[in-house]
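There are 2 protein chains.
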Amino acid sequence: MTESVASRRIAGILREEILAGKLTPGTRLHQDEIAARLGSSRLPVREALRILENDGLAKTTPNRGARVPALTLEDVNVYYRMRERLEPLTLAESLPHLTDEQVEAMQRIQEEIESQDDVNRFLVLDREFHLTSYAGCPSEHLLDTTVRLWNATQHYRRAFMQLDGGNRAAIVNAEHRLLLDAVRRRDAEDAERYLTGHIRRTRVELTRHPELFERD
Amino acid sequence: MTESVASRRIAGILREEILAGKLTPGTRLHQDEIAARLGSSRLPVREALRILENDGLAKTTPNRGARVPALTLEDVNVYYRMRERLEPLTLAESLPHLTDEQVEAMQRIQEEIESQDDVNRFLVLDREFHLTSYAGCPSEHLLDTTVRLWNATQHYRRAFMQLDGGNRAAIVNAEHRLLLDAVRRRDAEDAERYLTGHIRRTRVELTRHPELFERD
DNA sequence: TCGCACACAAATGGATCCATTCTCAAGATG
DNA sequence: CATCTTGAGAATGGATCCATTTGTGTGCGA
């Protein structure tokens, strides 16, 4: 068993299911059902739900159980503006510690992004591209916070891409190319600028589609 | 009973004790001892520790229990730089929704800050001053993240103030006055600038005292 | 026919008990 | 004499059982 503690194992499984889109916002997370499905008692499930709550992937109400949070347009807008401010810091912290191998990995990921057009594959690769650029960040807490923001908004990125994903590939690729070049040069100032613009443009486009979100 | 759920009640009590300095970084959090002290079984204590972990006020290692995290100078430095980027956003979001009564409350708090010189009282009032300025923030998540950053660094602010708190009161008061004036004018640009400077100056001074932190 | 109330069912919260893992110290062995 | 091993004690992790709360459905009354 790779993960010795059941609660972390269960949290990991549920996290993957939520990020993969199998559990969508609004879905009720029944303790009994999850415990039976994953072969444990309800106790580690309860702890797993707390862990997911920390990740922003579950929201529990006392005596009323847990759900995958359904965000409003305003919620997602704020998440993205937090990302615009925080992720450039994460990247700047990471840059000096990034190895040449990691930069080459980003290069290969970007090439694969440009050579295919499956939406779900893009989501995986895009996440990998950016998280690789943060891999050198020496602050565990900053990195965790960054990943949390990615996770909490993952569903809405997917919904947006499935809406009209293809026609913006050229813009994304140009942004990634500029970002990658700045990273390769270890130029934090340029990298921060391109990253901020990348996140901001995505936010603006994403919030043009109110139909993707909960009503207030 | 004001708090119907035991785990939240216990988490609240422990949070207060940590913020008040009764439980210092490095302190081991024994499930049995806490359960006995607060009159419950170990189960809600375990959930409370998870809740505190989300707040950055506890860190649990599988099979080895929980401790109040002891931060290094680099950790606190990063926390503060996250604050420099995030809190101006929180304040800008809050500003349009702040009531005149809340601005007056900030005024009264600042006056009390200037009229006394007890370190612990200052810590409480300073926290109240800033959190009041964020009270209008419509995004629960952004506000929670902000409070988390405050909580996680609270101990080191106290240690710093107890070191040589008094002689910097004039600077803090000037910064607060400028911030309060910008808030009263609902001037987000000025408010963000003064707030960023306030946090940054505190970080620079704080990190001049490596003796306050864990060695790496 | 509509509305309120009571009751039953289902899900979560908490307590107790058992299993597992880690720590630490004492003793044996090279 | 140092180091590795082993075992006892203690603390955490997990399972089962019971209590409490919530939500829903049915039946009675107006």
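Note that the protein sequences, when read in sequence, are chains A and B.
Just so you know, we're using this note's numbering here: the first sequence kicks off at 180 and counts up by one.
Just so you know, we're using this note's numbering here: the second sequence kicks off at 180 and counts up by one.
Yeah, the Cβ is synthetic: ideal placement off N, Cα and C, and Gly gets one too.
These numbers were taken from a predicted model, which means no experiment stands behind them.
- Close partners of ARG264 of chain A in chain B (Cβ separation under 7 Å): ARG264, LEU265, LEU268.
- A straight line joining the alpha-carbon of SER273 of chain A with that of LEU265 of chain A spans about 12 Å.
- Here GLU196 of chain B has LEU202 as same chain residues with Cβ atoms under 6 Å from its own Cβ, once five neighbours each way along the sequence are excluded.
- Here ARG243 of chain A carries a coil assignment [DSSP, helix/strand/coil].
- Per the coordinates, the alpha-carbon of GLY315 of chain B lies some 9 Å from the alpha-carbon of GLN281 of chain B.
- DSSP assignment within the region 201-279 of chain B yields the following whole alpha helix (DSSP H) runs of 4 residues or more, N-terminal first: 210-217, 221-233, 252-273.
- Under DSSP, the beta-bridge partners assigned to GLU393 of chain B are B:THR251.
- If you compare the alpha carbons of B:GLU371, B:ILE192, B:VAL257, B:HIS388 with that of PRO267 of chain B, the shortest gap goes to B:GLU371.
- Residue nearest to LEU385 of chain B within the set B:THR325, B:THR332, B:ALA353 is B:THR332 (criterion: CA-CA distance).
- The alpha-carbon separation between ALA245 of chain A and HIS209 of chain A amounts to approximately 7 Å.
- Counting C-beta pairs closer than 8 Å gives three or more between the region 290-304 of chain A and the region 338-354 of chain A, which meets the contact rule.
- Of the candidates A:ASN299, A:ARG306, A:HIS320, A:ARG306 places its Cα closest to the Cα of ILE288 of chain A.
- Straight across, the Cα-Cα distance linking LEU231 of chain A with THR240 of chain A is about 14 Å.
- Residue environment for LEU342 of chain B: exposed (fewer than 16 other C-beta atoms within 10 angstroms of its C-beta).
- Straight through space, the alpha carbons of GLU226 of chain A and LEU217 of chain A are spaced by roughly 14 Å.
- DSSP places GLN341 of chain A in the uninterrupted alpha helix (DSSP H) bounded by 319-343.
- Not one beta carbon of chain B lies nearer than 8 Å to the beta carbon of MET285 of chain A.
- One finds ARG229, ILE230, ASN233 in chain B with Cβ atoms closer than 9 Å to the Cβ of GLU232 of chain A, taken in chain order.
- The shortest C-alpha to C-alpha distance from ASP234 of chain B to any of B:VAL247, B:THR381, B:LEU304, B:ALA271 is the one to B:VAL247.
- In the structure shown, GLN286 of chain B adopts helical secondary structure according to DSSP, grouped into three states.
- Using a CB distance below 9 Å, no part of the region 198-217 of chain A faces chain B.
- Judged by their CB atoms, TYR335 of chain B and LEU357 of chain B are not nearer to each other than the 8 Å cut-off.
- The shortest CA-to-CA distance from ASN242 of chain A to any of B:ILE378, B:ARG187, B:TYR258 is the one to B:ARG187.
- Neighbours of ARG260 of chain B in chain A, taken as residues at a C-beta separation under 7 Å, are given in chain order as LEU268.
- When secondary structure is reduced to three states using DSSP, GLN281 of chain A falls in the helix class.
- Between the alpha carbons of MET285 of chain A and ASN352 of chain B lies a gap of roughly 48 Å.
- When C-alpha distances from ALA185 of chain B are compared across B:ALA237, B:LEU228, B:THR206, B:MET261, the shortest belongs to B:LEU228.
- Cβ atoms of ARG194 of chain A and LEU236 of chain A come within 8 Å of each other, at about 6 Å.
- Per DSSP, reduced to three states, the secondary structure at ALA199 of chain B is coil, with no helix or strand assignment.
- Look at HIS320 of chain B: its C-beta is under 8 Å from a C-beta on chain A.
- Here ALA338 of chain B is near LEU391 of chain B, since their CB atoms are less than 8 Å apart.
- Distance from HIS377 of chain B to GLU354 of chain B at the Cβ level is roughly 4 Å; contact confirmed, criterion being Cβ atoms closer than 8 Å.
- The DSSP-derived three-state label of TYR313 of chain B is coil.
- When the beta-carbon positions are compared, MET261 of chain A and LEU328 of chain A come within less than 8 Å of each other.
- Look at PRO223 of chain B: its C-beta is not under 8 Å from any C-beta on chain A.
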